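See below for the structure under consideration.
Residue numbers (the numbering used here): 3 to 699.
Here it is as structure tokens:
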């Protein structure tokens with residue numbers, strides 16, 4: 003889970019859009035001309051902008067990499083590394099080395115075949131230059147050079163080139179080392195032959211780039227984000243070795259450069275073991291793992307790799323991939339897996355006598371959710387022509403994969419249960435226990451609904467709702483404490499901002515089943531205020547607010563409450579996070595004013611120590627000037643005007659939008675922070691203590 007800093011925009015205000023279209027003439031050869039209704043300007047052919055080469059990428063980078071924030075910056079690294087991973091999946095690459103250079107660049111080296119460098123037959127220039135400078139130019143369209151590939155659109159490396167202030171491509175192949183450099187996508191000169199390769203020197207490609215600081219909000223890569231991604235990639239590509247080194251680390255703070263290495267011979271089995279490292283696995287000690295393949299009549303070869311293990315947890319953790327691309331929105335492969343899982347477990351539980359064929363206590367069949375309780379599973383498919391939804395590749399759409407996966411999982415899972423009757427019995431009993439808890443939860447939900455506690459038409463009394471009924475412009479602030487809640491109500495724009503105070507620390511849902519969760523009054527208030535329902539009843543179209551903002555004190559207690567709320571949202575309302583509806587308010591830690599000044603107009607605020615020091619330096623940039631620095635202990639110390647200006651007014655506030663970049667990493671993090679493994683939590687705190695910006699005791 004990650005968060006990107008954004009500046010608020012008042013509701014109803016849109017960014018300007020620009021139309022960019024191809025230069026095809028209208029039928030008959032004459033361009034059409036239109037007059038825009040309601041305006042004096044004629045919309046004619048000359049108004050159409052045609053962007054050539056990589057201009058379109060630099061003009062609208064978000065169309066190609068998602069954003070110009072931290073997520074988009076890291077996407078540049080993924081594009082280059084994924085090309086090397088494609089070489090590994092083709093059996094031509096064993097090692098990828100990633101280096102963050104001391105001057106802010108990124109160097110990625112593989113031992114694959116190397117990008118072709120000789121003249122392209124139709125472009126009449128080096129193939130390397132074509133690949134680096136032409137969109138949709140790649141070796142992944144005809145299934146010849148790559149039978150399986152994640153990068154199918156042919157835009158990856160050229161987009162990286164376009165969005166880099168400088169890039170150097172070096173290729174070892176055809177007996178020589180070749181090099182070409184570029185500035186913002188434009189070659190400095192032709193591909194040059196640097197030197198002959200030494201005897202025994204292998205082939206490969208090295209790409210070194212410096213992200214363009216005029217395009218990106220920041221050019222600083224996050225170490226943990228890189229490490230998480232490369233660890234996952236190594237699990238998905240058994241045998242591949244990936245190293246990452248940060249040469250820019252301050253030697254006074256670290257003993258030499260940071261370095262990490264990932265290599266998983268066990269593949270997905272190692273992945274599941276890693277995800278379950280902090281979970282109790284007495285239900286099933288052995289990881290189930292199997293593979294399968296199929297030659298489809300028209301779609302070619304498809305392969306499946308599955309690893310799964312039930313734990314004692316109350317939540318499932320299922321992660322799917324297609325050609326090593328994380329399909330966090332699922333798709334046909336995940337549909338086939340879930341269908342087979344439900345069918346096999348129900349059938350085998352009945353055969354084992356665990357689930358009576360005529361039903362017992364109202365349970366005739368186990369629901370899919372009952373069966374998945376506590377399950378950690380990783381599903382990876384590889385196919386020649388995957389159909390993804392858009393360039394972001396988050397959902398697989400190939401229809402034949404559903405039946406292929408379903409048949410394979412049916413066969414192998416049935417065999418495993420037959421060969422492991424004792425573990426199978428524990429798994430079946432856990433599912434039955436979950437079904438009984440689900441029925442009890444439904445009764446509790448019906449009871450609380452009859453009392454009006456979970457009925458969205460009967461909102462919680464503590465909620466100060468907004469006047470608007472348009473969810474797209476409505477915001478709800480979940481505020482820590484009644485005191486801060488009162489101040490927030492005075493500071494809000496009641497037209498579109500709602501306030502929901504919560505008292506104390508809500509229940510830790512990581513350690514509780516739904517029956518206990520529904521008894522918690524603060525969680526009841528959250529559910530009814532947001533309006534979507536939870537779990538199997540969740541419906542995002544019923545969300546009453548498209549901004550759910552957590553407003554807690556900037557101290558340890560506030561961080562704990564925020565984590566508890568985030569855990570609840572991740573486990574029971576994950577779609578809110580995936581839709582981009584969840585935000586974290588950023589109340590300041592410091593207030594700074596000229597010494598002796600009593601005017602609030604001269605007051606400035608800082609979110610952290612670094613910003614405080616910068617503001618102080620700016621305000622004391624003159625002879626004899628002094629400032630007064632106040633430490634804000636909590637929201638209760640701020641009056642309504644201060645809270646409005648710093649935290650609630652869309653024109654002046656800063657908020658973090660919570661995003662889910664890697665569900666597997668997020669699931670593991672919540673298990674560490676909120677689960678039962680105290681030792682793992684202590685180790686995490688010790689490792690990351692130096693990164694904490696504030697600590698109140």
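Positions of the beta carbon are idealized from the N, C-alpha and C atoms, including for glycine. This one's a predicted model, so the numbers in the text were calculated from it and none came from an experiment.
Around the beta-carbon of residue 65, fewer than 16 other beta-carbon atoms lie within 10 Å, marking it exposed. DSSP places residue 207 within a strand segment (E or B) once states are collapsed to three. Contact between the segment 190 to 210 and the segment 172 to 182 is established, with three or more Cβ pairs separated by less than 8 angstroms. Listed as beta-bridge partners of residue 305 by DSSP are 295, 384. Note on residue 534: 16 or more other CB atoms within 10 angstroms of its CB, so buried under the neighbour-count rule. The beta-carbon separation of residue 291 and residue 270, rounded to 6 angstroms, stays under the 8 angstroms limit for a contact. Under a 10 Å Cβ-count criterion, residue 594 is classified as buried, with 16 or more other Cβ atoms of the shown protein chains found around its own Cβ.
The DSSP assignment places 558 to 574, 576 to 580 as complete runs of the alpha helix (DSSP H) inside the segment 532 to 595, in order along the chain (cut-off: 4 residues).
Around the beta carbon of residue 503, 16 or more other beta carbons lie within 10 angstroms, which makes this residue buried. A distance of 8 angstroms or more separates the beta carbons of residue 427 and residue 342. Here the alpha carbon of residue 312 sits roughly 41 angstroms from the alpha carbon of residue 500. About 7 angstroms separates the beta carbon of residue 223 from that of residue 79, a gap short enough to meet the 8 angstroms contact definition. For residue 284, there is no enclosing beta strand (DSSP E), as DSSP marks it with neither H nor E. The secondary-structure analysis by DSSP pairs residue 102 across a beta bridge with 108, 248. For residue 632, the uninterrupted beta strand (DSSP E) run begins and ends at 629 to 633, by DSSP.
For the set 575, 581, 117, the Cα lying nearest the Cα of residue 86 is the one of 117. Here DSSP, grouped into helix, strand and coil, assigns residue 658 to strand.
Residue 570 sits away from residue 516, with the two beta carbons spaced by 8 angstroms or more. Around the CB of residue 239, 16 or more other CB atoms lie within 10 Å, so the residue is classed as buried. Within a 10 Å sphere around the beta-carbon of residue 372 sit 16 or more other beta-carbons, which makes this residue buried. The three-state secondary structure of residue 439, taken from DSSP, is helix. In the structure shown, the three-state DSSP call for residue 333 is strand. If you draw a straight line from the Cα of residue 115 to the Cα of residue 668, it comes to about 35 angstroms. With contacts defined as CB atoms closer than 8 angstroms, residue 336 and residue 277 fail to qualify as a contacting pair. Taking a 10 Å sphere around the C-beta of residue 487, we find 16 or more other C-beta atoms and assign the residue as buried. Selection 163, 475, 467, 97 evaluated against residue 527 yields 467 as nearest (Cα-Cα). Within the same chain, Cβ atoms closer than 8 angstroms to the Cβ of residue 298 are found at 304, 402, 406, the five residues on either side in sequence being excluded. Residue 617: not part of any beta strand (DSSP E); member of the alpha helix (DSSP H) spanning 611 to 621, first to last residue.
Rounded to the nearest angstrom, the Cβ distance from residue 246 to residue 232 is 6 angstroms, consistent with a contact under 8 angstroms.
In this structure, residue 329 lies away from residue 319, with their beta-carbon atoms at least 8 angstroms apart.
In the structure shown, the three-state DSSP call for residue 122 is coil. For residue 76, the enclosing alpha helix (DSSP H) stretches over residues 72 to 91.
Your pair residue 308 and residue 412 does not check out as a contact, with CB atoms roughly 12 angstroms apart and the cut at 8 angstroms.
Here residue 619 is exposed. Its C-beta has fewer than 16 other C-beta atoms within 10 Å. Annotation: the segment 474 to 506 contains the following complete segments of the beta strand (DSSP E) (minimum length 3 residues), in chain order: 477 to 482, 499 to 504. The shortest C-alpha to C-alpha distance from residue 249 to any of 241, 261, 242 is the one to 261.
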